[in-house]
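Novice:
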Amino acid sequence: MPLVPPYIDALSPYVAGRNPEEVAREYGLSRVFKLASNENPLGASPMALENLARHLDALHRYPAGGDELRRVLAETYDVKPDNVIVGSGSEAIMANIIRTFLCDDDEVLTAESTFIGFQVLARSRGVAYRTVPYTDWRYNLPALAAAVTDRTKIIYLANPNNPTGTIFTRQEFDEFYRHIPERVLIILDEAYFEYARDNPRYPDSMHYRYDNVITLRTFSKAYGLAGLRIGYGFAHEELIRNLMKVKLPFEPGTLAAAAGIGALHDAEFLHRSLECNARGLRFLTQNFRGLGLTVVDSWANFVMLVMESEAQADSIVETQLRNGVIIRPLRAFGLPHCVRVSVGTEEASQLCVRVMREALLAPAL
Ligand SMILES: Cc1ncc(COP(=O)(O)O)c(C=O)c1O
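In my numbering, the protein residues as written are 881 to 1245.
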C-alpha cells in the first residue's frame, strides 16, 4: 500500500499569487504592485488594528475560540451566537465543512473553474468532484440543479464568483433552491459580498435563511485582514453544532478574533474601501474595454479578462511582471486564456493599464 492515498498524490497544491519581494528581486525592480490576490489596496481597517493592539498582552493565553467575535457577529446580523462559526479565514471553515459532512461515496457539485481553494480542499477529501460549465461566465443554476444525483452532498456556489466576478440573482437562486433536496448542503461563499450588496438583484443570503444553506464570509477582502486569517459563517444551529465538534478548539487566534471585532465597527473604513473599489473597478473595466479587451462584468474587487489565446494571456502576465505589476494567470483555475486583475491603488491600476496598452500595441515589449 502506498503511504499517500492516490487522490492526494494526484493533487496539485494551491498556487498563491506571487509575492512582490520575490518579483522585485527576479526582475531587478525597485517597486512592484501586486494585483493578483484580490487584497485591499487601502491596507487594513484601522479599528481592527486598534483592537488587535489592545490584545497583545494576552498572547501567553490560549484563545477563547472566537466566542466574543461570534457574539458580536450574532448581534450585528440579528441571529443567535449558535448560528455563527468563526475560523482562520473562510477557507478554514470550508475545510471543516468538508471534514464534517462528507463521506467517501458522496460527491461535491459546483461550477467549472470556480474558486480554486475550494477545489483543492474537496479533492483532498478524495470524493467525486463534479462541475457544470458556465454560461456567459455565470453559474448556470438550472444546469447545476439538474446535475444533482443521489450521491450529491454539497453544492458550492461563490457569489460573487472568483475568478469571474459575476453574480447570480436572487430570483435565480430562489428558483434553483426549489429544486435542491434538503439533504444537500449548499455552501454560499460570499467572500466578496460587501462589494455586491448594494446591487438590488444580489441575493444577500442573510435576508433569508434556509436550514441546508451555510453562508461564508471573510474579513480578508473589504476589511483588509487577509494576512491575519479570519472568516465567519452563518447556518442553522444544528449544522454549526456539528461543525464545532470538528473545528480546532483554539482557532481563530486571539489577535485575529480581536481584529475581526474591531473591523465590524469600522463603518468608515468599509465605506472608503467600497468607494475605492467601485472607482477602481470602473477604471479597469472601461480602460481595458477601450483597448479592445474582453472584460467580464464584475461585482467583486477584481476583473477577469478573456484573452485571444493562451499565448497572449501568458505573454501579458510576463510583460506586466517585467514592468512591476503582478496579475493572476488563470491556468490553475482551468482557464489558461484568461487573466485576473485585482483593483489596486490608483497608481497601480494606471500602471497596469499603461503596460497593457503598450503590450498590445507592441506585443514584443
Ligand atoms: C471565493 C473566495 N472564497 C474564499 C476566499 C478565501 O477567503 P479567506 O481569506 O477568508 O480564507 C477567497 C480568497 O480569495 C475567495 O476568492
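Ideal Cβ placement from N, Cα and C applies to all residues, glycine included. The structure presented is a predicted model; accordingly, all values stated were derived computationally and were not measured.
Where are the beta strand (DSSP E) runs, 3 residues long or more, that stay fully inside the region 1004–1047, in chain order?
Specialist: For the region 1004–1047, whole beta strand (DSSP E) runs of length 3 or above, ordered along the chain, are 1008–1012, 1032–1038.
Novice: Answer yes or no: the CB of Asn-1079 versus the heavy atoms of ligand 2, is any distance below 7 angstroms?
Specialist: With respect to ligand 2, the structure offers nothing, as its ligand set consists of ligand 1.
Novice: Using alpha carbons as the reference points, say which of Phe-1073, Ala-890, Pro-1083, Asn-976 lies closest to Ile-1034.
Specialist: Taking only the C-alpha atoms, the option nearest Ile-1034 is Asn-976.
Novice: Give me the DSSP bridge partner(s) of Met-1184.
Specialist: Paired residue(s): Arg-1220.
Novice: Using a threshold of 8 angstroms, state whether the C-beta atoms of Val-1176 and Ile-1196 are closer than that.
Specialist: It is not a contact, given that the beta carbons lie outside the stated cut-off.
Novice: In the DSSP assignment, find the beta strand (DSSP E) that holds Glu-987 and state where it starts and stops.
Specialist: Here the beta strand (DSSP E) through Glu-987 covers 987–991.
Novice: May I ask which residues mark the beginning and end of the alpha helix (DSSP H) holding Ile-1142?
Specialist: Contrary to the premise, residue 1142 reads as Gly rather than Ile in this sequence. Unbroken alpha helix (DSSP H) run through Gly-1142: 1134–1144.
Novice: Near Ile-978, what residues of its chain come up, given a Cβ to Cβ distance below 7 angstroms and the 5 sequence neighbours on each side ignored?
Specialist: Once the five neighbours on either side are set aside, the close Cβ partners of Ile-978 are Leu-1001, Ala-1002, Arg-1005.
Novice: Can you tell me which of the three DSSP states Asp-958 falls into?
Specialist: DSSP places Asp-958 in coil when its eight states are reduced to three.
Novice: With a threshold of 16 other CB atoms inside 10 Å of the CB of Leu-1231, please say whether the residue is buried or exposed.
Specialist: Classification for Leu-1231: buried.
Novice: Do Val-966 and Ala-1137 have their C-beta atoms within less than 8 angstroms of each other?
Specialist: Cβ distance < 8 angstroms, so Val-966 and Ala-1137 count as in contact.
Novice: What is the DSSP secondary structure of Asp-947, counted as helix, strand or coil?
Specialist: Three-state DSSP puts Asp-947 in a helix.
Novice: Helix, strand or coil for Thr-1174 per DSSP?
Specialist: Strand, per DSSP.
Novice: What are the partner residues of Gly-1084, as DSSP defines its beta bridges?
Specialist: Just to set this straight, residue 1084 is Asp in the shown sequence, not Gly. DSSP, once it has assigned bridges, lists no residue as partnering Asp-1084.
Novice: Taking its Cβ as the centre, do 16 or more other Cβ atoms sit within 10 Å of Ala-1242, making it buried, or is it exposed?
Specialist: Under this definition Ala-1242 is an exposed residue.
Novice: So Leu-1241 is in the alpha helix (DSSP H); what residue range does that whole segment cover?
Specialist: Start and end: 1226–1241.
Novice: Spatial neighbours of Leu-1245 within its chain, please: CB distance less than 7 angstroms, with the 5 preceding and 5 following residues excluded, ordered by chain position.
Specialist: Low per-residue confidence applies at Leu-1245: pLDDT is 45, beneath 50, and the placement is therefore not dependable enough to give any value.
Novice: Going by C-alpha distance, which of Ile-1047, Pro-1080, Gly-1172 is nearest Glu-1070?
Specialist: The option with the nearest alpha carbon to Glu-1070 is Ile-1047.
Novice: Work out the CA separation of Ala-1212 and Gly-1272 for me, nearest whole Å.
Specialist: With the chain covering 881 to 1245 only, the question about residue 1272 has no answer from this structure.
Novice: Give the DSSP-derived three-state secondary structure of Phe-1114 in the structure shown.
Specialist: Residue state, collapsed to three classes: strand.
Novice: Quick check on the DSSP output: the beta strand (DSSP E) that includes Thr-994 runs from which residue to which?
Specialist: Premise fails: Thr-994 is in no beta strand (DSSP E) and is neither H nor E.
Novice: Start and end of the alpha helix (DSSP H) containing Val-903?
Specialist: Looking at the DSSP string, the run of the alpha helix (DSSP H) that includes Val-903 is 900–907.
Novice: Could you check what DSSP says for Gly-1104 in three-state terms: helix, strand or coil?
Specialist: Coil.
Novice: Can you check DSSP and say which residues form a bridge with Phe-913?
Specialist: Paired residues: Val-1205.
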